[in-house]
Amino acid sequence: MGFALHQQATPDLAIAYLRPTIPEHDIHRHQHADMHLVVVLAGHYVSDAAGMPSVCAEPAVILNPPGTEHRDRFRSRDGLFLTLTMPSISLERLCDGHAIGDQPRRLPRRSLARAMHLLSEVRHWEHASPLAIESIFTELMADALLQPMPTNGDKLQRVLDRLEADHAPPPSLGELASIADLHPVYLARAFRKRHGIAPSEYLRKRRLHKAVSLIARRRTLACAASELGFVDESHLHRAFVAEFGMTPGAFRRLALSRAEVSRIQDARLRGR
29 MGFALHQQAT PDLAIAYLRP TIPEHDIHRH QHADMHLVVV LAGHYVSDAA
79 GMPSVCAEPA VILNPPGTEH RDRFRSRDGL FLTLTMPSIS LERLCDGHAI
129 GDQPRRLPRR SLARAMHLLS EVRHWEHASP LAIESIFTEL MADALLQPMP
179 TNGDKLQRVL DRLEADHAPP PSLGELASIA DLHPVYLARA FRKRHGIAPS
229 EYLRKRRLHK AVSLIARRRT LACAASELGF VDESHLHRAF VAEFGMTPGA
279 FRRLALSRAE VSRIQDARLR GR
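Final position of the sequence shown in my numbering is 300; the numbers increase by one with none missing.
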């Protein structure tokens, strides 16, 4: 459902770096027989997956298990995404009896840092890339296996919802503890046990994920740094490289190449 900017394959995995080409109104409900992993890098994406907002305007990693039926789509053709597809029999062999579940869901925020490395591999394919792709994918599946499914009344889910809120300033540990009705020490330990990082680190990751969206939408690095509360461009640059393994400038060039493809295709359509 997209124009492949780059695509490669290993014996068990197919990976593609794409931009959407089909208008939203032409996307109908469909089924994936195989495992389908989507890494949304830019654009406004609509998904039925658990953990996704009604319209997602930031990067996300979405796991669609074999047999998933959905109508996930981009709102417009200015999106940018990666897909990984693995046959169900290969997925069963990889998981070795451990079930990843049958419901599509958004993987935790730490998964995006892993997934961003896929972008470099698919664009600069060489002899070690198949091993790198398979290793990263295995780590993403481990994230899925370890990911708890949210439930109604889940105290830590309420904390997560507060950390995801855009309308309020960053919370204190005391506020989060009050939300969860836990002592701050117990909350900090429980949050790290559930998510593998502290609440403060979760907020930092979320801010960097917003930076990916802003850079993909052609915001200057200075504007992105100012809007997201970084000290300056250098601060954002260092944090971006540490999290994603590439510079903001390198990612900007990827996003701009996507826009250039869009302009070329639009020109071809007008010339028909």
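Glycine included, every Cβ here is placed at the ideal spot set by N, Cα and C.
Check your understanding: Met114 lies in the beta strand (DSSP E); which residues open and close that run?
Key -> Along the sequence shown, one-based indexing puts residue 114 at 86. Leu108 to Met114 is the span of the beta strand (DSSP E), which, as asked, contains Met114.
Review point. Would the segment 103-113 and the segment 47-67 be scored as touching if the rule is three or more Cβ pairs under 8 Å?
Key: yes
Check your understanding: Touching or not, the segment 237-254 and the segment 200-208, by the rule of three or more beta carbon pairs under 8 Å?
Key -> no
Review point. Out of curiosity, what's the CA-to-CA distance linking Arg134 and Ile128?
Key: For the purposes of this step, residue 134 is taken as residue 106 along the sequence shown, with counting starting at 1. For the purposes of this step, residue 128 is taken as residue 100 along the sequence shown, with counting starting at 1. Their Cα atoms are separated by approximately 12 Å.
Practice item. State yes or no: is the C-beta of Pro132 within less than 8 Å of the C-beta of Asp171? Key: Residue mapping note: residue 132 aligns to position 104 of the sequence shown, counting from 1. Residue mapping note: residue 171 aligns to position 143 of the sequence shown, counting from 1. No, the pair does not count as a contact, with Cβ atoms beyond the cut-off.
Check your understanding: For Asp185, which three-state DSSP category applies?
Key -> What you label residue 185 is simply residue 157 of the sequence shown in a count that begins at 1. A small fix is needed here, since residue 185 is Gln in this sequence, not Asp. In the structure shown, Gln185 sits in a helix (DSSP, three-state: H, G or I).
**Study point:** C-alpha gap between Leu264 and Arg235, whole angstroms
**Key:** Mapped onto the sequence shown, residue 264 falls at position 236. Mapped onto the sequence shown, residue 235 falls at position 207. Cα to Cα, the separation comes out at about 10 Å.
Review point. In terms of residues, what are the limits of the alpha helix (DSSP H) holding Pro227?
Key: By 1-based counting over the sequence shown, the position of residue 227 is 199. Pro227 to Ala244 is the extent of the alpha helix (DSSP H) around Pro227.
Exercise for review: Report yes if the CB atom of Leu69 is closer than 8 Å to the CB atom of Leu108, and no otherwise.
Suggested key: Residue numbering aside, residue 69 sits at position 41 when the sequence shown is read from its first letter. Residue numbering aside, residue 108 sits at position 80 when the sequence shown is read from its first letter. For Leu69 and Leu108, yes; Cβs fall inside 8 Å.
Practice item. Would you list the residues sitting across from Phe31 in a DSSP beta bridge? Key: For the purposes of this step, residue 31 is taken as the residue at position 3 of the sequence shown. Beta-bridge pairing links Phe31 to Arg47.
Check your understanding: Considering only the beta carbon of each residue, do Ile161 and Thr38 sit closer than 8 Å?
Key -> Taking the first residue of the sequence shown as position 1, residue 161 is located at position 133. Taking the first residue of the sequence shown as position 1, residue 38 is located at position 10. Going by C-beta atoms, Ile161 is nearer than 8 Å to Thr38.
Review point. What is the C-beta distance between Arg99 and His64, in whole angstroms, given that I count them as a contact (C-beta under 8 Å)?
Key: On the sequence shown, residue 99 is found 71 positions in, with the first residue counted as 1. On the sequence shown, residue 64 is found 36 positions in, with the first residue counted as 1. Going by Cβ atoms, the distance from Arg99 to His64 rounds to 14 Å, so no, they are not a contact pair.
Exercise for review: Note down the Cα distance separating Arg151 from Glu271, rounded to an integer number of angstroms.
Suggested key: Within the sequence shown, numbered from 1, the residue matching residue 151 stands at position 123. Within the sequence shown, numbered from 1, the residue matching residue 271 stands at position 243. The alpha-carbon atoms of Arg151 and Glu271 are separated by roughly 19 Å.
Check your understanding: Opposite Glu97 in the DSSP bridges: which residues?
Key -> Taking the sequence shown and counting its residues from 1, the one referred to as residue 97 is at position 69. In the DSSP output, where bridge partners are listed per residue, Glu97 has Gln59.
Point to revise | Option nearest Ala281 by Cα separation, candidates Ser254, Arg246 and Ser163 | key: For the purposes of this step, residue 281 is taken as residue 253 along the sequence shown, with counting starting at 1. In the sequence as presented, Ala is not what sits at residue 281; that position holds Arg. Per the Cα distances, Arg246.
Practice item. With a cut-off of 8 Å on the beta carbons, I'd call Glu167 and Ser157 a contact; round off their distance for me. Key: Within the sequence shown, residue 167 is the residue found at index 139, counting from 1. Within the sequence shown, residue 157 is the residue found at index 129, counting from 1. Not really, about 16 Å apart at Cβ, beyond 8 Å.
Check your understanding: CA-CA distance, Ala252 and Arg222?
Key -> In the sequence shown, counting from the first residue as 1, residue 252 sits at position 224. In the sequence shown, counting from the first residue as 1, residue 222 sits at position 194. Using only the alpha carbons, I get a separation of about 30 Å.
Exercise for review: Pull up the CB-CB distance for Gly224 and Arg138, whole angstroms please, since I reckon it's below 8 Å.
Suggested key: In the sequence shown, residue 224 corresponds to position 196, counting from 1. In the sequence shown, residue 138 corresponds to position 110, counting from 1. Their Cβ separation, rounded to whole angstroms, is 6 Å, which keeps Gly224 and Arg138 in contact under 8 Å.
Point to revise | Distance, Gly125 Cα to Phe258 Cα | key: Your numbering for residue 258 matches position 230 in the sequence shown. Your numbering for residue 125 matches position 97 in the sequence shown. Looking at the two C-alpha atoms, the distance is approximately 44 Å.
Review point. Buried or exposed: which applies to Gly79, given that a residue is buried once 16 or more other Cβ atoms fall within 10 Å of its Cβ?
Key: Walking along the sequence shown from the start, residue 79 turns up at place 51. Buried: at least 16 other Cβ atoms inside 10 Å.
Practice item. Closer than 8 Å by C-beta to Pro51: which residues in its own chain qualify, once you throw out the five before and the five after it? Chain order, please. Key: Within the sequence shown, numbered from 1, the residue matching residue 51 stands at position 23. For Pro51, where only same-chain residues beyond five positions count, the Cβ hits under 8 Å are Arg105.
Practice item. Using beta-carbon positions only, say whether Pro199 and Arg190 come within less than 8 Å of one another. Key: For the purposes of this step, residue 199 is identified with residue 171 of the sequence shown, where counting begins at 1. For the purposes of this step, residue 190 is identified with residue 162 of the sequence shown, where counting begins at 1. It is a contact, given that the beta carbons lie within the stated cut-off.
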